[in-house]
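**Student:**
In our numbering, the protein residues as written are 5 to 333.
In structure tokens:
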């Protein structure tokens with residue numbers, strides 16, 4: 005028997021349920037994720053959802069309080085793997101095979117559902133069309149996130165459709181331009197859901213070092229499935245990164261895009277200079293109007309945010325120049 009979450013008094017409670025009775029498995033991938041994990045689990049227990057939910061944590065060698073937090077929640081299934089065995093696509097495939105639900109919902113250990121109907125919203129598109137194989141929810145940056153990332157997250161998700169309805173994406177003869185194709189197939193699994201039968205069957209995650217979600221989005225659409233964007237299924241999420249870490253992050257992201265077949269041109273230093281200036285000027289307007297920042301923080305970010313722009317484009321250039329490892333399957 006597996007302990008699962010199910011509705012009780014308008015919210016999700018705990019009951020024993022056989023694997024066959026589980027409707028959805030919420031997977032949280034953790035590695036030293038103590039900072040937000042308790043908030044995620046608390047939010048999951050508050051979800052207003054009519055089906056039976058189980059929560060599966062796959063931990064890859066945490067050395068902080070992550071495992072103690074999970075142990076304090078007996079309704080949560082825990083599966084541990086060595087850190088050396090973690091892979092962005094590989095571990096998500098493992099989760100799909102371990103899941104009991106018909107749908108697998110993925111959260112990273114720093115993505116906190118923002119309201120009690122999040123689960124309902126991210127699963128609803130599957131009911132609307134049987135060809136929907138994957139759903140991407142939206143992300144709300146944390147108030148203290150550094151401005152470049154904060155405003156970038158907002159712009160990216162606003163670009164995928166209005167916040168009041170669901171948008172479906174597919175490829176047909178209309179899609180001729182590679183940039184349009186990349187936009188149509190874009191996928192983020194920070195906050196996402198997929199049909200389990202598809203993941204363990206026709207279109208699994210591929211074992212790549214990065215950008216596994218982008219590749220899955222492309223593979224699903226190429227296989228004839230629909231990809232949905234459900235903006236009302238929102239999580240609070242933005243990466244907590246230092247200036248030095250951001251450079252490495254952009255290297256990894258750029259290499260990951262190249263590994264899955266998305267061309268990234270090597271930006272000349274003149275292009276980088278132009279992009280940095282453009283981004284700094286754009287962000288400065290937002291910083292001055294940002295109600296999350298007090299006066300001192302606005303002054304601080306006015307001085308520091310330009311360095312993040314420089315790190316971003318330095319990282320893109322490095323990632324576009326470095327050799328690639330072979331793509332796994």
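All C-beta atoms in this analysis are idealised placements derived from N, C-alpha and C, irrespective of residue type, glycine included.
For residue 281, name the three-state secondary structure that DSSP assigns.
**Tutor:** Reading the chain shown from its first residue, position 277 is the one you call residue 281. Residue 281 falls in the helix class under three-state DSSP.
**Student:** Specify the secondary structure class of residue 79 as computed by DSSP and reduced to three states.
**Tutor:** Counting from one through the chain shown, the residue named residue 79 turns up at place 75. Three-state result, residue 79: coil.
**Student:** The ligand GDP and residue 223: does any heavy atom of the ligand fall closer than 7 Å to the residue's C-beta?
**Tutor:** Summarising the ligand content, the structure contains no ligands, and the ligand GDP is consequently not present.
**Student:** Sort out for me which residues DSSP pairs residue 231 with in a bridge.
**Tutor:** Numbered from 1 along the chain shown, position 227 holds the residue referred to as residue 231. Beta-bridge pairing links residue 231 to 138, 173.
**Student:** Give a yes or no on whether the C-beta atoms belonging to residue 218 and residue 191 are separated by under 8 Å.
**Tutor:** Residue numbering aside, residue 218 sits at position 214 when the chain shown is read from its first letter. Residue numbering aside, residue 191 sits at position 187 when the chain shown is read from its first letter. Yes; because the gap between Cβ atoms is below 8 Å, this pair is in contact.
**Student:** On a CA-only basis, which of 242, 207, 251, 250 is nearest residue 230? Give me that one, please.
**Tutor:** Translated into positions along the chain shown, residue 230 becomes position 226. Comparing Cα-Cα distances from residue 230 to each of 242, 207, 251, 250, the minimum goes to 207.
**Student:** Measuring alpha carbon to alpha carbon, tell me which residue in 121, 60, 327 is nearest residue 100.
**Tutor:** Stepping through the chain shown from its first residue, residue 100 is reached at position 96. Comparing Cα positions, the closest option is 60.
**Student:** Out of 69, 27, 33, which has the shortest C-alpha to C-alpha gap to residue 55?
**Tutor:** Here residue 55 is taken as the residue at index 51 of the chain shown, counted from 1. Measuring from the Cα of residue 55, the nearest candidate turns out to be 27.
**Student:** Less than 8 Å separating the beta-carbons of residue 109 and residue 197?
**Tutor:** Residue 109 sits at position 105 when you count from the first residue of the chain shown. Residue 197 sits at position 193 when you count from the first residue of the chain shown. Yes, they are a contact pair.
**Student:** Look up residue 107 in the DSSP assignment and give the residues it is bridged to.
**Tutor:** By 1-based counting over the chain shown, the position of residue 107 is 103. According to DSSP, which records beta bridges pairwise, residue 107 is partnered with 28, 199.
**Student:** Taking 8 Å as the threshold, find out whether the region 109–122 comes into contact with the region 33–42 through three or more Cβ pairs.
**Tutor:** Yes, they touch.
**Student:** Are the beta-carbon atoms of residue 315 and residue 238 separated by less than 8 Å?
**Tutor:** Translated into positions along the chain shown, residue 315 becomes position 311. Translated into positions along the chain shown, residue 238 becomes position 234. In this structure, residue 238 does not lie closer than 8 Å to residue 315 by Cβ.
**Student:** For the candidate residues 264, 296, 292, whose alpha-carbon lies nearest to that of residue 306?
**Tutor:** To locate residue 306, count along the chain shown from 1; it is residue 302. The shortest C-alpha separation from residue 306 is found at 292.
**Student:** For residue 104 and residue 166, which I take to be in contact (beta-carbon distance under 8 Å), what is that distance rounded to the nearest angstrom?
**Tutor:** Within the chain shown, residue 104 is the residue found at index 100, counting from 1. Within the chain shown, residue 166 is the residue found at index 162, counting from 1. Not a contact, Cβ separation roughly 34 Å.
**Student:** Would you check if the distance between the CB atom of residue 4 and the CB atom of residue 270 is smaller than 8 Å?
**Tutor:** Residue 4 falls outside the range modelled here, since the chain spans only 5 to 333, and no answer is possible.
**Student:** Tell me the residue span of the alpha helix (DSSP H) that contains residue 303.
**Tutor:** Position 299 of the chain shown, counted from the first residue, corresponds to residue 303. Residue 303 -> alpha helix (DSSP H) spans 299–325.
**Student:** If residue 95 sits next to residue 64, beta carbons under 8 Å apart, how far is it from one beta carbon to the other, in whole angstroms?
**Tutor:** Taking the first residue of the chain shown as position 1, residue 95 is located at position 91. Taking the first residue of the chain shown as position 1, residue 64 is located at position 60. The Cβ separation is near 7 Å, so the contact holds.
**Student:** Considering only DSSP beta bridges, list what residue 62 is partnered with.
**Tutor:** Translated into the one-based positions of the chain shown, residue 62 becomes position 58. For residue 62, which the question treats as bridged, DSSP gives the partners 33, 83.
**Student:** Could you give the DSSP three-state label for residue 57: helix, strand or coil?
**Tutor:** In the chain shown, the residue the question calls residue 57 occupies position 53. The answer is strand: DSSP assigns residue 57 an E or B state.
**Student:** If residue 258 and residue 323 are in contact, beta carbons under 8 Å, what's the gap, nearest whole angstrom?
**Tutor:** What you label residue 258 is simply residue 254 of the chain shown in a count that begins at 1. What you label residue 323 is simply residue 319 of the chain shown in a count that begins at 1. Yes, residue 258 and residue 323 are in contact; Cβ-Cβ is about 3 Å, under 8 Å.
**Student:** Would you report the Cα separation of residue 289 and residue 186, rounded to the nearest angstrom?
**Tutor:** On the chain shown, residue 289 is found 285 positions in, with the first residue counted as 1. On the chain shown, residue 186 is found 182 positions in, with the first residue counted as 1. About 29 Å.
**Student:** Roughly how many angstroms lie between the CA atoms of residue 267 and residue 320, to the nearest whole one?
**Tutor:** Position 263 of the chain shown, counting from 1, holds the residue named residue 267. Position 316 of the chain shown, counting from 1, holds the residue named residue 320. Their Cα atoms are separated by approximately 12 Å.
**Student:** Which residue wins for smallest C-alpha separation from residue 146, given the options 89, 296, 317, 309?
**Tutor:** For the purposes of this step, residue 146 is identified with residue 142 of the chain shown, where counting begins at 1. Out of 89, 296, 317, 309, 296 has the C-alpha closest to the C-alpha of residue 146.
**Student:** So, residue 222 versus residue 171, is the Cβ gap smaller than 8 Å?
**Tutor:** Indexing the chain shown from 1 puts residue 222 at position 218. Indexing the chain shown from 1 puts residue 171 at position 167. In this structure, residue 171 does not lie closer than 8 Å to residue 222 by Cβ.
**Student:** Go ahead and label residue 317 buried or exposed: buried means 16 or more other beta carbons lie within 10 angstroms of its beta carbon, across all protein chains shown.
**Tutor:** For the purposes of this step, residue 317 is taken as residue 313 along the chain shown, with counting starting at 1. So residue 317 counts as buried.
**Student:** Going by DSSP in three states, residue 258 sits in which element: helix, strand or coil?
**Tutor:** One-based indexing of the chain shown puts residue 258 at position 254. Residue 258 falls in the helix class under three-state DSSP.
**Student:** Could you tell me the boundaries of the alpha helix (DSSP H) in which residue 95 lies?
**Tutor:** Residue mapping note: residue 95 aligns to position 91 of the chain shown, counting from 1. It spans 92–102 - the alpha helix (DSSP H) in which residue 95 sits, taken as one unbroken run.
**Student:** In angstroms, rounded to a whole number, what distance separates the CA positions of residue 313 and residue 25?
**Tutor:** Numbered from its first residue, the chain shown carries residue 313 at position 309. Numbered from its first residue, the chain shown carries residue 25 at position 21. Near 49 Å, if we compare the C-alpha coordinates of residue 25 and residue 313.
**Student:** In angstroms, rounded to a whole number, what distance separates the CA positions of residue 309 and residue 283?
**Tutor:** One-based indexing of the chain shown puts residue 309 at position 305. One-based indexing of the chain shown puts residue 283 at position 279. Whole-angstrom Cα-Cα distance: 10 Å.
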